[in-house]
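Q: Shown below is the structure under consideration.
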Amino acid sequence: MAKPILYGLHLSPPVRSVLLVAKAIGLDLEFREVNLLTGEHKKPEFLEKNPQHTVPTLDDGGLLIWDSHAIATYLIGKYGKDDNLYPKDLYKRALVDQRLHFDSGILFVRLRAIFERIIFFNETTIPQERLDALNQGYEFMDKFLAASPYLGVLPVDKEKYPNLAAWMKRMEELPYYEEANGKSAKELIAFINSKIA
1 MAKPILYGLH
11 LSPPVRSVLL
21 VAKAIGLDLE
31 FREVNLLTGE
41 HKKPEFLEKN
51 PQHTVPTLDD
61 GGLLIWDSHA
71 IATYLIGKYG
81 KDDNLYPKDL
91 YKRALVDQRL
101 HFDSGILFVR
111 LRAIFERIIF
121 FNETTIPQER
131 LDALNQGYEF
141 MDKFLAASPY
151 LGVLPVDKEK
161 YPNLAAWMKR
171 MEELPYYEEA
181 NGKSAKELIA
191 FINSKIA
């Protein structure tokens, strides 16, 4: 059986989230780089796979899925050995789904509002209102993590968000974290820092 193919860019946080899930469930993916900066995601051969032209995009034997959350839950359901990451218990699953929707509807939208302007439009400053919105997202996450140990790129104030900081530390201690997320997260941070004043 052929390995599932993940199309993406290592600097992309959603792509890295799928890589983390794959490592967590012991799944070996074939990774194919899609360079967003050169417009590779808008070429006809990629648009055939994903008309929304986003990364990550998964090809699992001809089954095409995009959106990191959809890909992650699919991979866990198909290849996971247990339901630890995506429980069968409906209440527990609803809590995971709530966090996934929080990420796609609140947190990532706020991160994207910062990064997109820097990466694609060469802005060199981050408006305070965007940082304030992101910090509000961090506040929500910190409250989520106060009630449960489970649930970035911009610095998190460890004094202000102790639960979020502790969660990030636990993630960094995973044996596959550096390979699946750490190295590329550091590259993204360095890239963003090189662009902003």
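According to the UniProt record's numbering, the sequence shown is numbered sequentially starting from 1. Positions of the beta carbon are idealized from the N, C-alpha and C atoms, including for glycine.
1) Give the secondary structure of T73 by DSSP, where H, G and I count as helix, E and B as strand, and everything else as coil.
2) L95 and residue 199 - do their beta-carbons sit closer together than 7 Å?
3) How about K195 and I76: are their beta carbons less than 7 Å apart?
4) If I follow the unbroken alpha helix (DSSP H) through I192, where does it start and stop?
5) What residue range does the alpha helix (DSSP H) around L20 cover?
6) If you reduce the DSSP assignment to three classes, tell me which class D97 lands in.
7) When you compare only the Cα positions, how much space is there between Y177 and V34?
8) Below 7 Å between beta carbons: does that hold for P56 and L100?
9) Contact between the region 20-27 and the region 67-84: three or more CB pairs below 8 Å?
10) Under 7 Å between the Cβ atoms of H53 and H41?
11) Quick check on DSSP: helix, strand or coil for I126?
12) Assuming A146 and N163 form a contact by the criterion Cβ under 8 Å, report the distance between their Cβ atoms to the nearest whole angstrom.
13) Would you verify that the beta carbon of L145 is, or is not, closer than 7 Å to some beta carbon of chain B?
14) Does DSSP classify E33 as helix, strand or coil?
15) Between the alpha carbons of I71 and R170, how many angstroms are there, rounded?
16) Should M1 go down as buried or exposed, given a rule of 16 or more other Cβ atoms within 10 Å for buried?
17) Looking at the unbroken alpha helix (DSSP H) that takes in I106, where does it start and where does it end?
18) Run through DSSP, which three-state label would L9 get?
A: Reading it off the structure:
1) Here T73 sits in helix by DSSP.
2) Any question about residue 199 goes unanswered here, given that the chain covers just 1 to 197.
3) Their beta carbons are not under 7 Å apart, which means K195 does not touch I76 by this criterion.
4) Going by DSSP, I192 is part of the alpha helix (DSSP H) stretching over 183-195.
5) Its alpha helix (DSSP H) spans residues 13-25.
6) Reduced to three states, the DSSP call for D97 is helix.
7) Cα to Cα, the separation comes out at about 22 Å.
8) No, Cβ-Cβ distance for P56 and L100 is not below 7 Å.
9) The region 20-27, when compared against the region 67-84, does touch it at the 8 Å Cβ threshold.
10) Yes, these two residues count as a Cβ contact at 7 Å.
11) Secondary structure of I126 (DSSP, three-state): coil.
12) Indeed, because the Cβ distance is near 5 Å, the residues count as touching under 8 Å.
13) Among the chains in the structure shown there is no chain B, since it carries only a single protein chain.
14) E33 carries a strand assignment under DSSP once its states are collapsed to helix, strand and coil.
15) Each residue's Cα considered, the two are about 23 Å apart.
16) By the beta-carbon neighbour count (other beta carbons within 10 angstroms, threshold 16), M1 is exposed.
17) That residue, I106, is in no alpha helix (DSSP H); it is neither H nor E in DSSP.
18) Reduced to three states, the DSSP call for L9 is coil.
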